[in-house]
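Position one of the sequence shown corresponds to residue 895 (this note's numbering), numbered consecutively onward.
Idealized CB from N, CA, C, for every residue including glycine.
Predicted, not measured: the structure shown is a model, and the values here were computed from it.
Notes to accompany the following structure.
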Amino acid sequence: MSTQNKTLALGAAVAIAMVSGSTTAKAELSGSVSLDMNSHFISYGLDVWAAGDEPRWTFNPAVSIDYAINDQWTFSTGFWLDVNSNASPNADVVETDIWAGFSYDAGLATISATFQNWQYGGLSEEIFDLGISLDTFLSPSLTLHKRLDPGASGGFNGWFAVLGGSHSFEVTPEFSVSVPVSVGFALGDFHTTQDGYGFASLGLQGSYAVNEQVSINGGVTYWDTDAGVTGNADNGFFAYNLGVAFSF
């Protein structure tokens, strides 16, 4: 089945479920615009620009839109750009990612299904993500990342499983700190033909709320990766980020 047909099938199933469900709150539209600078571009443990210990900065603007259909169902879509001069003398848009999907809020757990299209290298990488997150201590989550078409990745149509969590605390009414962690495992051929442990990350992120709509964000993340699974030249390195976000 093509990606388009899978998307239509998912949409039909969700529509039937929403129509058959009970009447809930009025639909609401929300979203965000982010403008971020990142020292590394890490894709499921792969250090894309082979920065290692030497940052190779990228500019990553993104737009995300959420449409709350009712109290349980939300439709999400958006795009992300990678703008840099790492492969050419001038800064260019070297990758454009778009996504669309649905999530269902069951109370303690939220389940999501998302299709993605990553355009780079003149080809299209197609992806399906299935996720579950828990609204409890440390916000644990599990994402199953399935590559449907490798595009220009040079990899394979395998799976990656990512376990995540985060703890946040408020320092002042305007400034908060979070400590996100993640561990990823290749479930079969993905970046390379080796499977198993792929990466682990530990971050320290700060966010300062300028007002209700604008925040300034920054932080540092340490990555430990397995060269056999990810293909990285350097297994361990720090990555840095700084940006501003606008919500509506």
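* Is it a yes or a no for the stretch 1034-1051 touching the stretch 1064-1071, going by three-plus beta-carbon pairs under 8 Å? -> no
* **Member of A956, G1097, F969 and G1052 whose CA lies at the smallest distance from the CA of E922** => F969
* Asked: Hey, quick one: how far does the alpha helix (DSSP H) through T1066 stretch, first residue to last?
  -> Counting along the chain, T1066 falls outside any alpha helix (DSSP H), and DSSP gives it neither H nor E.
* Asked: Taking the alpha carbon of T1119 as the point to measure from, which residue in P949, N1129, G1125 and N1111 has its own alpha carbon closest?
  -> N1129
* To do: Return the bridge partner residues of Y1116 from the DSSP annotation.
  => L1096 and F1132
* **Cβ-based neighbour list, V977, same chain, cut-off 8 Å, excluding 5 preceding and 5 following** => T952, F953, N954, P955, A985, D986, V987 and V988
* When burial is assigned at 16 or more other CB atoms within 10 Å of the CB, is I1005 buried or exposed? -> exposed
* Just how far apart, CA to CA, sit D1089 and N1105? -> 45 Å
* With 16 other CB atoms within 10 Å as the buried threshold, where does D1029 fall? -> exposed
* Just reading off the beta strand (DSSP E) that V957 is part of, what are its end residues? -> T952 to A962
* **Cβ-based neighbour list, L1032, same chain, cut-off 8 Å, excluding 5 preceding and 5 following** => G1059, S1060 and H1061
* Asked: Can you tell which of S1095, N1011 and F1132 has its C-alpha closest to the C-alpha of T990?
  -> N1011
* Asked: Residue range of the alpha helix (DSSP H) that T1124 falls in?
  -> A1121 to T1124
* Asked: Under 8 Å between C-beta atoms, does A994 make it to chain B?
  -> In the structure shown, chain B does not exist; there is a single protein chain.
* Asked: Who pairs with E1019 in a beta bridge, going by DSSP?
  -> W1012
* Flag this pair as touching only if the stretch 960-967 and the stretch 931-944 have three or more C-beta atom pairs under 8 Å; answer yes or no. => no
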